[in-house]
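K.L.:
Line order of the protein sequences matches chains A and B. If you read the first sequence in the working numbering, its first letter stands for residue 2, the second for the next number, and so on. If you read the second sequence in the working numbering, its first letter stands for residue 59, the second for the next number, and so on.
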Amino acid sequence: MSEAKQAILTVRGKDANNHRLSSKVFEEEVRGAAAVADELILESFGQHNIGLRLGSLEKPITIRVTGPAGQRLGCMGMKGATIICEGSASDDVGYLNIGADIIVKGDATNGVCNAMAGGRVMIGGSIGARGLTMTKWNPDYERPEMWVLGSVGDTFAEFNCGGVGVVCGINPKNPENVLGYRPCVGMVGGKIFFRGTTDDSYSRTNAKLAPPSDEEWQWLLTSLPQYLQAIERLELLDSLSVREEWNVLAAITPQERALMFAGPMPMAEFRRRIWDHGFGGGDPLRDLAPMLDRSLVGVVETGDLRRKKPFWANRDSAAPCTFFCPIHIPTIDRLRLLREGRTREAYDMLLRYTPFPASVCGTICPNLCIQNCSREKIDYSIDASVLGRAVRDVDPPEALPPTGKKVAIIGGGPAGMAAAWQLALNGVEAHIFERDTVLGGKLAQTIPWERLSKAVWETEVERFLKTKNLHVHLGVSLSKDKVEKLKEEFDYVVVAVGTHQPRTLSFPGHERVIPALEYLKAAKSDNPLPTGKQVVVIGAGNVGCDVAAEAYRLGADQVVLVDIQKPQAFGKEREAAEALGATFQWPVMTREVTEQGVIGADGTVIPAQTVIISIGDIPSMPFLPDTVDVVTVAGASWIKTDIAGRTSDEQILAVGDVERPGLATNALGAGKRTAEYILATFKGEHWVPFNKKMISYEALTLAHYDPVTDRGVTEDQQAARCLSCGSCRDCHLCETICPTNAIFRREIIPGPDGVDYEYVSDDNKCIACGFCADTCPCGIWVLRPF
Amino acid sequence: MVSVRSVYTSPSSLTYHDLPWIIHHREDRCTLCGRCTSVCPVGAIYLTYHRQRMPKLDILQKKRGNEYRHFVGIRQHTVIEKRCIGCGMCAAVCPNEAIGPEANTNEHRSAFLLNQKGDAYKRGGRRNAVGKTVLDRISFGRISMLTDPALDAGRHEFNTNTTLGRVLPPEEFLRRKANGEWIPPTREIFPFVIGSMSFGALSPNMWLGLLQGVAYCNEVLGIPVVMATGEGGCPPWVLKSPFLKYIILQIASGYFGWDEIIRAIPEMQCDPAGIEIKYGQGAKPGDGGLLMWFKVSKLIARLRGVPEGVDLPSPPVHQTLYSIEESVMKMIQTMSMAFGFRVPVYPKISASTSAKAVLNNLVRNPYASGLMIDGIDGGTGAAYNVSMEATGHPIASSLRECYLDLVRQGRQNEIPLFAAGGIGKNGNVTQNGMALIMLGASGVHIGKYIMQATAGCLGNEMGRCNVCNVGLCPKGITSQNEKLFRRLDPDEVAQRVVDVFMSIRTEMKKIMAPLGRSQSLPIGMSDALGIDDADIAKRLQINYIC
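In structure tokens, the structure reads:
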């Protein structure tokens, strides 16, 4: 400095009258003086904001405050200004200071350095609360500094963003706590050097405590003399230069804070150290549920952790065809064998169910099987009659060698023949005792040849007779005594005499009426009954239709079927009768039959030369031993049987119409059923009736099949269209769709059903998605909870 | 030709668009991994095969015929028993974002068919009322800025705790103290209490996970959170553990699990936080408890002393109580005596127009430690839908009436009222709770919110999921089936409990600081409350603001 003379001006805080100048007037005077002076001496009198925006680097200024300073001394102080307060200062010293050096020789009260962004505030004593709060620091400038010789008050350095504080702890106001209560809350920048005791209440989420680093200590040692010189306490330099006495509180970075917020203690550690310990070092449920595993599992699991599990339930449920057939012929299996090219096996299997595939399945049966065929949902049902007719010329299956057992069958109709057939094929000597001269019962005696071709029938009877172990006695009339004798000679006696006594009504003129049974039997014989041009059939069922057809064949021009209710006739019989011209009238209550014909209750006359009554037949069983209980229904007696065909006489069984009237197929089914019961009894086995549930359509996946436009007339066409309901068709679709490759196919020793493979789901791979069940065309895979 | 699918039309036949939740499946994204059908809790979805007819119609070439295209998809069942419940687990496990349920915004007809097999619809969850609740609409409007010293939630220290138990008037307290007389027990607890959810209604992993989190809050963080057990007892090891002090044991009309509690008393290391006597529940007032047979596992049967796999309804009333006076006297005295008069005992009732009558009896009973009132929006593990939807009383006005009644008697600082029922229903748990506190509650109980916040409960007020009653909870929260409840990690539940209560504490400060309160809860500080509905404002005696 070569400048010899400095301009020093004094500004007084009171006017000539010794009245205090307002802060506004004082500031104007100070600013005016500062423009021309290098140093100001301010004899202030409590004016606020002294030193606000005075001086610059180009024109530095020193301001000595000798009087009482008001609030905010050095407020908005500029670089180049040095403001020296000779005594103590009030609140907010250095408020928003951006560069001035502010020296307070005594104490300062609250709010020192609030929002300061530059410069230095140097306090020769202690300060009040909220010092060094809200400071800022722009790195283009020097850091703001606050130096305090003594102590600071509560809530120090809150939201401090950049300021450096130095608290020397010399003669502190509170020797127990030089930093006050709870410093550093919200502090994000800057640091605090301090020396002396604290209550350790600094905000741990904002600041971290450490001894000064070498760099920090170097800075402190370098900076300290200037401060001590400013407050004129250089003598303290040695006592403040003991590194061990100093500590630093520095702001925590957000990254450091994020790590801290993982929790004061990791949960796993809490569980180990505190939680488990609280239960004596084990699971708190170990006494209630010793085996309970509570360990973590996923949401998609395999093995025992699945909630469901797939089962390959092949052949557990019956296809509708098998279910509804009274003989339970597994048509799906026939068609599978055909698809596999095993035609002979297919025929053989069918013949083991029925001796009359061509006559019954292929001709007269209404085919209950295909009335419920699932294929109907796609295009047309399977044509089962094609299958039956195909077996016409096939030889009987190989019979088992004789077992020595003998069964007598009374009646050679469909029921008796079915029973005998079944028994004979299984090595039982079966004897049929038939009153008539031909076998076949009503099949042979009453069904017109137009509906059941003689050639077909005779071929099948021939095959029947070819079977070993089978003996037929025709023209045998039985009595009670003879039956008792049969019981002695045979192991069992099966009654299968059907219904051969016509029901009649006793209206006037009933003697003019011919029973249908008599008429039909005669029609198939060489001596048919004379038939008029006009015929009335009383009773419009299927037998009535057969009567009508025969009447037309025997010369009638007009046949009228009358009934008291809506005609029950259906199917082929009705179609045949209607095709010939038969008409139906109902309700007609017959009052009388005269030469003119049938006279109704209302007096109308239906002209007829021949009147035939067809209202059903009832059993005629004069030979039946008294040990066999009968049940009387609508004036007729029927043999009382159980599910196996057993009667109250344990040696006598009954099958067919003598139990309850039905279709020829029902009779065949009953015969087979009872034969199987007898065979099981011979073998000492427990007989189980057919008890499969029918598969539901919903279980099948029909969309795999495309509709065809032709129903088909060959066996192969039927086989190709079959859906194989409930019976695996070995298509590998399940294996293919399984998303976890859990399903595989393997060969097995064939069971009674002849299936030599199975599909298996590997429990360790399966996630129980159910795709196998949803995909299976046959409804084999089912998902069950386990 | 008949259609592929046989469409049976019965009175209960439904189509996709009749169902409350419609599965959207994107065939272009699906990889057919099977995870969605595997995880679906109700078997609502399945793999389907479709056949599409592609007619070939070429007039000039005379080529005619049909070809068929086949494709697969994931579809939902339309039978009522297998209807999609909207839980969204399919979406959660799908690797390709190919599937998920969407709420049917149309009128859906399944509502008419839920009453199957002669029984009315039962479910879990709570009242299906969407939108803002009265509590959601309340704002805290008395802000201290320049009028009073402002507080800073981040800077100042707050006492956010409340008192469970009867507080004597100062002169009475001093008199008794001087004479060495009995002083009613109190507990300093966090005002947000985990409400009664039984060991049985909740899975073991959930219940123990909650308690573990509660223990952490107390022992590591110093937040004195307590949880109520509900009616189902408490595992013996827990009764004998140091964590019992964070548990409010419940006794209800079914008395399930109380034999274990009585047996364990001599071995208890500490007293429980309190005893809650349940007389009613907000979700299904007057309807007793219900644990359906699906959930009565071997473990639950063992703890409750009942046969396995049976329905456990508890009667709507305690069988040996015939009047309010008797209920209050007999029950509170028995339970107090059982724990040496060292444990606060209080009843829990459904919010109702008769709540005040109960309260007035409690005020006169020297042993009563408080009253817990549960409002209509409370949740439950199992109830008839009609009870949940239509029976009950909202908590706000019921609580307010009771509090003002206490004020009229000058007893508002003596008997603490606790409130529950729909707190945090729309996620605003602290705001809802603080509103009730300022209406006069000393604290609140939260149940459903806790399940949603700590375990990811999927239920909502559009009928989503709500299969708690049948134990099919896909998250494992309310299931007793190991295959389901083992999905839930108790450590994670505990960690979420910690997160939740730390956050509630912060939010409480954020509400209290602007009000200028830091050293005591603003119980009954209703001049701070405002609502933009004049009628509600009038009823609750708070400010109408707009």
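Beta carbons: idealized from backbone N, C-alpha and C, even for Gly.
(1) Taking one C-beta from the region 197-205 of chain A and one from the region 124-144 of chain A each time, how about it: are there three or more such pairs within less than 8 Å?
(2) Find the residues of chain A that neighbour alanine 552 of chain B, judging by a C-beta separation of less than 7 Å, and give them in chain order.
(3) Are the C-beta atoms of histidine 705 of chain A and some chain B residue less than 9 Å apart?
(4) Relative to chain A, which residues along the region 354-367 of chain B have a C-beta separation below 8 Å, given in chain order?
(5) Please go through the same chain and pick out, in chain order, the residues whose beta-carbon is closer than 7 Å to the beta-carbon of histidine 705 of chain A, but skip the five residues on each side of it.
(6) What distance in whole Å lies between the Cβ atoms of valine 498 of chain A and proline 620 of chain A, which are believed to be in contact at a cut-off of 8 Å?
(7) What residue does the alpha helix (DSSP H) around asparagine 124 of chain B start on, and which one ends it?
(8) DSSP state of isoleucine 433 of chain A, grouped into three classes?
(9) Once DSSP output is grouped into helix, strand and coil, what is the label at leucine 518 of chain A?
(10) Is the beta carbon of proline 300 of chain B closer than 9 Å to that of asparagine 219 of chain B?
(11) So for glutamine 327 of chain B, helix, strand or coil by DSSP?
(12) Which two residues bound the contiguous alpha helix (DSSP H) that contains glycine 271 of chain B?
(13) Do glycine 71 of chain A and serine 24 of chain A have their C-beta atoms closer together than 9 Å?
(14) Go ahead and pull the three-state DSSP assignment for glutamate 4 of chain A.
(15) Per the contact definition of three or more C-beta pairs closer than 8 Å, is the region 193-201 of chain B in contact with the region 569-578 of chain B?
(16) Does any residue of chain A have a CB that is nearer than 9 Å to the CB of methionine 59 of chain B?
(17) Which residues in the same chain as glycine 739 of chain A place their Cβ atom closer than 7 Å to its Cβ, once the five residues preceding and following it in sequence are excluded?
(18) What residues are listed by DSSP as bridge partners for aspartate 432 of chain B?
(19) Going by Cα to Cα distance, which pick from A:Asp618, A:Pro588, A:Thr611 and A:Thr438 is closest to threonine 605 of chain A?
(20) Closer than 7 Å, Cβ to any Cβ of chain B: which residues of the region 752-785 of chain A, in chain order?
(21) Is methionine 59 of chain B buried or exposed, if buried means 16 or more other CB atoms sit within 10 Å of its CB?
(22) Does any CB atom of chain A fall closer than 9 Å to the CB of asparagine 124 of chain B?
(23) Mind checking if lysine 15 of chain A is an interface residue toward chain B, Cβ cutoff 9 Å exclusive?
(24) According to DSSP, is cysteine 86 of chain A part of a helix, a strand, or is it coil?
(25) Under a CB-based cut-off of 9 Å, is aspartate 86 of chain B close to chain A?
(26) Give me the Cβ distance between alanine 130 of chain A and glycine 154 of chain A, rounded to the nearest whole Å; I'm assuming they're in contact under 8 Å.
(27) Is the region 107-119 of chain B in contact with the region 140-148 of chain B, if contact means three or more CB pairs nearer than 8 Å?
(28) List the residues of chain A that phenylalanine 301 of chain B touches, going by C-beta distances under 7 Å, in chain order.
(29) State the CB to CB distance for the pair arginine 722 of chain A and valine 709 of chain A, rounded to an integer number of angstroms; the pair is presumed to be in contact (CB under 8 Å).
(30) Compute the Euclidean distance between the alpha carbons of threonine 411 of chain B and histidine 451 of chain B, then round it to the nearest angstrom.
(31) Measuring straight from C-alpha to C-alpha, what distance separates aspartate 194 of chain B and isoleucine 103 of chain B?
(32) I'd like the list of long-range same chain contacts for glycine 338 of chain B, defined as Cβ closer than 6 Å, with 5 residues on each side in sequence excluded.
(33) Given leucine 105 of chain B, which residues of its chain have a CB within under 7 Å of its CB, disregarding the five upstream and five downstream residues?
(34) In the DSSP assignment, the beta strand (DSSP E) including glycine 166 of chain A goes from what residue to what residue?
(35) On the CB-based measure, 16 or more other CB atoms within 10 Å of its CB, does leucine 97 of chain A come out buried or exposed?
(36) Have a look at A:Ala101, A:Glu236, A:Val387 and A:Leu150 and flag the residue whose alpha-carbon is nearest the alpha-carbon of aspartate 108 of chain A.
P.N.:
According to the data block:
(1) Contact between the region 197-205 of chain A and the region 124-144 of chain A is absent, because fewer than three Cβ pairs lie under 8 Å.
(2) Contact of alanine 552 of chain B with chain A by beta-carbon distance below 7 Å involves Met268.
(3) Cβ-Cβ to chain B under 9 Å: yes for histidine 705 of chain A.
(4) So the close ones are Lys356, Leu357, Arg360 and Leu361.
(5) Counting only Cβ-Cβ distances below 7 Å, and skipping sequence neighbours, we find Pro778.
(6) Yes, they are in contact, since the Cβ atoms of proline 620 of chain A and valine 498 of chain A sit about 7 Å apart, within 8 Å.
(7) Unbroken run through asparagine 124 of chain B is the beta strand (DSSP E), 121-134; no alpha helix (DSSP H).
(8) Strand.
(9) Collapsing the DSSP output to three states places leucine 518 of chain A in a helix.
(10) The answer is no: Cβ separation not under 9 Å.
(11) Reduced to three states, the DSSP call for glutamine 327 of chain B is coil.
(12) Element bounds for glycine 271 of chain B: 262-277.
(13) Their beta carbons are under 9 Å apart, which means glycine 71 of chain A touches serine 24 of chain A by this criterion.
(14) Interpretation of glutamate 4 of chain A is limited by its pLDDT of 49, a score under 50 that renders its predicted location unreliable; the figure taken from the coordinates is listed afterwards. Under the three-state reduction of DSSP, glutamate 4 of chain A is assigned to coil, being neither helix nor strand.
(15) Counting Cβ pairs under 8 Å, three or more are found: they touch.
(16) Residue confidence is low: methionine 59 of chain B scores 30 on pLDDT, short of 50, so the model does not pin down where it sits. No coordinate-derived value is stated.
(17) Residue 739 of chain A is actually cysteine in this sequence, not glycine. Within its own chain, the residues whose Cβ lies closer than 7 Å to the Cβ of cysteine 739 of chain A, once the five positions on either side in sequence are excluded, are Phe772 and Cys773, listed in chain order.
(18) Answer by DSSP bridge pairing, in chain order: B:Ser408 and B:Ala478.
(19) The candidate whose alpha carbon is nearest that of threonine 605 of chain A is A:Pro588.
(20) Cβ contacts with chain B: Ile768, Ala769, Cys770, Gly771, Phe772, Asp775 and Thr776.
(21) Low per-residue confidence applies at methionine 59 of chain B: pLDDT is 30, beneath 50, and the placement is therefore not dependable, though the value from the model is reported in the following sentence. Answer is exposed; the Cβ neighbour count stays below 16.
(22) Asparagine 124 of chain B counts as touching chain A.
(23) It does not: the Cβ of lysine 15 of chain A has no partner Cβ on chain B nearer than 9 Å.
(24) Reduced to three states, the DSSP call for cysteine 86 of chain A is strand.
(25) For aspartate 86 of chain B, the answer is no, since every Cβ of chain A falls outside 9 Å of its Cβ.
(26) So it is a contact: roughly 4 Å between Cβ atoms.
(27) As far as the Cβ criterion goes, the region 107-119 of chain B does not touch the region 140-148 of chain B, which means the pair count is below three.
(28) The answer, in chain order, is Gly279.
(29) Between arginine 722 of chain A and valine 709 of chain A, the beta carbon gap of about 7 Å places them in contact (Cβ cut-off 8 Å).
(30) Near 8 Å, if we compare the C-alpha coordinates of histidine 451 of chain B and threonine 411 of chain B.
(31) Annotation: aspartate 194 of chain B to isoleucine 103 of chain B spans about 37 Å, alpha carbon to alpha carbon.
(32) Short of 6 Å from the beta carbon of glycine 338 of chain B, and not among the five residues preceding or following it, lie these beta carbons of its own chain, in chain order: Ile407 and Ser408.
(33) Setting aside the 5 residues that flank it on each side, leucine 105 of chain B is surrounded in the same chain by Thr95, Val130 and Ile132, each with a C-beta closer than 7 Å to its C-beta; the list follows chain order.
(34) Counting along the chain, the unbroken beta strand (DSSP E) around glycine 166 of chain A starts and ends at 165-168.
(35) With 16 or more other Cβ atoms within 10 Å, it is buried.
(36) When each option's Cα is compared against that of aspartate 108 of chain A, the closest is A:Leu150.
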